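What follows is a short report on a single structure.
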Amino acid sequence: MARLQMISALALASLIPTASLADWNGYYAGVSFGTVTNLSYDVTTDIDPDVDFEDSEGFGVFFGSRAQSSGFVYGGELAVEFTPEAENTDGEVFVDFVVDLKATAGVPAGDVLLYGILTLSSISGEYGPNDISATGFGAGVGAAFIIGDTFEIGAEYITRSGSQEFDLTDLDATADTLKIRAAFHF
Numbered sequence: 013m014a015r016l017q018m019i020s021a022l023a024l025a026s027l028i029p030t031a032s033l034a035d036w037n038g039y040y041a042g043v044s045f046g047t048v049t050n051l052s053y054d055v056t057t058d059i060d061p062d063v064d065f066e067d068s069e070g071f072g073v074f075f076g077s078r079a080q081s082s083g084f085v086y087g088g089e090l091a092v093e094f095t096p097e098a099e100n101t102d103g104e105v106f107v108d109f110v111v112d113l114k115a116t117a118g119v120p121a122g123d124v125l126l127y128g129i130l131t132l133s134s135i136s137g138e139y140g141p142n143d144i145s146a147t148g149f150g151a152g153v154g155a156a157f158i159i160g161d162t163f164e165i166g167a168e169y170i171t172r173s174g175s176q177e178f179d180l181t182d183l184d185a186t187a188d189t190l191k192i193r194a195a196f197h198f
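To convert, count from 1 in the sequence shown and add 12; that's my numbering.
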């Protein structure tokens, strides 16, 4: 009976997450590719209607740094997501790019990092003759898998919204991104 209990205890202990095998400390830079969804401009004026966009693809670049301490990983990142195909059906409104300044915090589990994201975001483009840059906040989740000592792959989902005022018009913008990422650590 004691032998069965010992085997059961060892089997259960093997299921408990262990300390991270990966070193998440340091700088990293990489590229991303994904889908931009829920992209819209909501305009509060009697003249212009709200503008919705079809989902489009985007690509991006990012640079960041992480610090690992006591079973947690904290970090900061600057990311730019280009959206070359994001225009409304009339071709009058364009979204050129989304810039995110991110704060991340997560938990490593072996070679995997699961993390939450808070962003200060800017959604930039053109609305008629006006250049716009709707600034706001976002939140999301991500996961990264480290390969060796210098390479990681991962995925992120972020939802964000921002606003801007121009010419007596209030503009609210939203953009969600789901992207895959690859980065080098240095």
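All residues carry an ideal CB built from backbone N, CA and C; glycine is no exception.
On a predicted model such as this, the values are computed, not experimentally measured, just so you know.
{"query": "Residue 112 CB to nearest heavy atom of the ligand GDP below 7 angstroms", "result": "Looking at this structure, you won't find the ligand GDP or any other ligand, since it has none at all."}
{"query": "Residue 72 versus residue 45: straight-line alpha-carbon distance, rounded", "result": "6 angstroms"}
{"query": "Beta-carbon gap between residue 106 and residue 91 smaller than 8 angstroms", "result": "no"}
{"query": "For residue 82, the three-state DSSP class (helix, strand or coil)", "result": "coil"}
{"query": "Residue 198 (DSSP reduced to helix, strand or coil)", "result": "coil"}
{"query": "Which of helix, strand or coil DSSP assigns to residue 141", "result": "coil"}
{"query": "As assigned by DSSP and simplified to three states, the class of residue 188", "result": "strand"}
{"query": "Residues that DSSP places opposite residue 34 in a beta bridge", "result": "Its beta-bridge partners do not exist; DSSP assigns none."}
{"query": "Separation of residue 182 from residue 58, as counted between CA atoms", "result": "Reliability fails at residue 58, whose pLDDT of 49 lies under 50, so the model's placement of it is uncertain and the value that follows must be treated cautiously. Rounded to whole angstroms, residue 58 to residue 182 spans 11 angstroms at the Cα level."}
{"query": "Stretch pair the stretch 132-144 + the stretch 154-164: three plus CB contacts closer than 8 angstroms", "result": "no"}
{"query": "Closest by C-alpha distance to residue 139, when choosing among 34, 120, 108", "result": "108"}
{"query": "Beta-carbon proximity of residue 48 to residue 95, cut-off 8 angstroms", "result": "yes"}
{"query": "Sequence-distant residues of the same chain with beta carbon closer than 6 angstroms to residue 86, five excluded per side", "result": "79, 117"}
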